[in-house]
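Colleague:
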Amino acid sequence: MACTEAIKREMEPLLREMERYAEAHYVPILRARERRIFCETVMEACPHRILELGTGIGYSTLVQAMLGAEDVRIVTVEINEARMEAAKGFIGRSPYRDCIEMHFGDAGELLSSLGGTFDFVFMDAAKGQYANYFRLFQPLLAEQAVIAADNVLFHGYVQAKGKIPHKRRSMVQHLREYIEMITHMEGYETVIREDGDGMAITRRVGHEHEKA
Ligand SMILES: C[S@@+](CC[C@H](N)C(=O)[O-])C[C@H]1O[C@@H](n2cnc3c(N)ncnc32)[C@H](O)[C@@H]1O
Numbered sequence: 325m326a327c328t329e330a331i332k333r334e335m336e337p338l339l340r341e342m343e344r345y346a347e348a349h350y351v352p353i354l355r356a357r358e359r360r361i362f363c364e365t366v367m368e369a370c371p372h373r374i375l376e377l378g379t380g381i382g383y384s385t386l387v388q389a390m391l392g393a394e395d396v397r398i399v400t401v402e403i404n405e406a407r408m409e410a411a412k413g414f415i416g417r418s419p420y421r422d423c424i425e426m427h428f429g430d431a432g433e434l435l436s437s438l439g440g441t442f443d444f445v446f447m448d449a450a451k452g453q454y455a456n457y458f459r460l461f462q463p464l465l466a467e468q469a470v471i472a473a474d475n476v477l478f479h480g481y482v483q484a485k486g487k488i489p490h491k492r493r494s495m496v497q498h499l500r501e502y503i504e505m506i507t508h509m510e511g512y513e514t515v516i517r518e519d520g521d522g523m524a525i526t527r528r529v530g531h532e533h534e535k536a
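Numbering (our numbering), first residue to last: 325 to 536.
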């Protein structure tokens, strides 16, 4: 569906309402500092088929629907029942309700059984699982697909040289492994944008064979 001026006018109050809901219910959504780079990335890719891991209340889902191609279709997954219900409510009130397929459950489990082809993936679910998610959706990527992974710098810990607090260590290690994996993977190019909590933007550029 083309994002006309009339649709933008309809979406504005809904997005503002979602921002207020997120703040009141402590739901993390795309922060203002990451929103710009995220929106630019989606607009540039102009995707037709989007896979989103971590719907939250559907805020980033609707942003992608507005910025994607006219025939955009989105498959999105959320493990938290209350958030999925809220997302259903908000998305159901939007003009994009028929373009978005919502799945309740664990992203890793869903990916094991998902078919289709995606030209854009937004990873925003369990941060420690990014490398695993990538391996699972890799067979579904279109040529020249773009993959955006949020929070890859995790409050600065991922690039920090010193000792990492014990409770953060496993997450930081997993995110470092993800960055290492995608920056050394043949057939893909990755840029880490440091705005906000860090977003890794990976583009599929050719044939992939992991470098030895
Ligand atoms: C940062 S929030 C998503 C925000 C949303 N993408 C936005 O910007 O509007 C991350 C979401 O991922 C969900 N999540 C965490 N682990 C998950 C998993 N294993 N499978 C699916 N969703 C998961 C959380 O419940 C949470 O709602």
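No residue lacks a Cβ here, since even glycine has one placed at the ideal position from N, Cα and C.
Please report how far the alpha carbon of E504 lies from the alpha carbon of K485, in whole angstroms.
Modeller: Taking the sequence shown and counting its residues from 1, the one referred to as residue 504 is at position 180. Taking the sequence shown and counting its residues from 1, the one referred to as residue 485 is at position 161. In a straight line, the C-alpha of E504 is about 16 angstroms away from that of K485.
Colleague: Tell me, to the nearest whole angstrom, how far the beta carbon of V470 is from that of I525; I am working on the premise that it is less than 8 angstroms.
Modeller: Position 146 of the sequence shown, counted from the first residue, corresponds to residue 470. Position 201 of the sequence shown, counted from the first residue, corresponds to residue 525. Confirmed, Cβ separation roughly 7 angstroms.
Colleague: Count the other CB atoms, across all protein chains shown, that sit within 10 Å of the CB of H498; report buried if there are 16 or more and exposed otherwise.
Modeller: Taking the first residue of the sequence shown as 1, we reach residue 498 at position 174. By the neighbour-count rule (16 or more Cβ atoms within 10 Å), H498 is buried.
Colleague: So A469 is in the beta strand (DSSP E); what residue range does that whole segment cover?
Modeller: Position 145 of the sequence shown, counted from the first residue, corresponds to residue 469. L465 to D474 is the span of the beta strand (DSSP E), which, as asked, contains A469.
Colleague: Cβ of F442 within 8 angstroms of Cβ of A466?
Modeller: For the purposes of this step, residue 442 is taken as residue 118 along the sequence shown, with counting starting at 1. For the purposes of this step, residue 466 is taken as residue 142 along the sequence shown, with counting starting at 1. Going by C-beta atoms, F442 is nearer than 8 angstroms to A466.
Colleague: Classify A431: buried if its beta carbon has 16 or more other beta carbons within 10 angstroms, exposed otherwise.
Modeller: Taking the first residue of the sequence shown as position 1, residue 431 is located at position 107. When all chains shown are included, A431 counts as buried.
Colleague: Answer yes or no: the CB of G378 versus the heavy atoms of ligand 1, is any distance below 7 angstroms?
Modeller: Translated into positions along the sequence shown, residue 378 becomes position 54. True, at least one ligand heavy atom lies under 7 angstroms from that Cβ.
Colleague: Run through DSSP, which three-state label would M325 get?
Modeller: What you label residue 325 is simply residue 1 of the sequence shown in a count that begins at 1. Coil at M325, not helix or strand.
Colleague: Identify the residues that DSSP records as bridge partners of F414: which are they?
Modeller: The residue labelled residue 414 in the question sits at position 90 within the sequence shown. Answer by DSSP bridge pairing: none, since F414 is not bridged.
Colleague: Helix, strand or coil: which one does DSSP assign to L438?
Modeller: Residue numbering aside, residue 438 sits at position 114 when the sequence shown is read from its first letter. Coil, per DSSP.
Colleague: Please determine whether the Cβ atom of G354 lies at a distance below 7 angstroms from any heavy atom of ligand 1.
Modeller: Position 30 of the sequence shown, counted from the first residue, corresponds to residue 354. In the sequence as presented, Gly is not what sits at residue 354; that position holds Leu. The answer is yes for L354.
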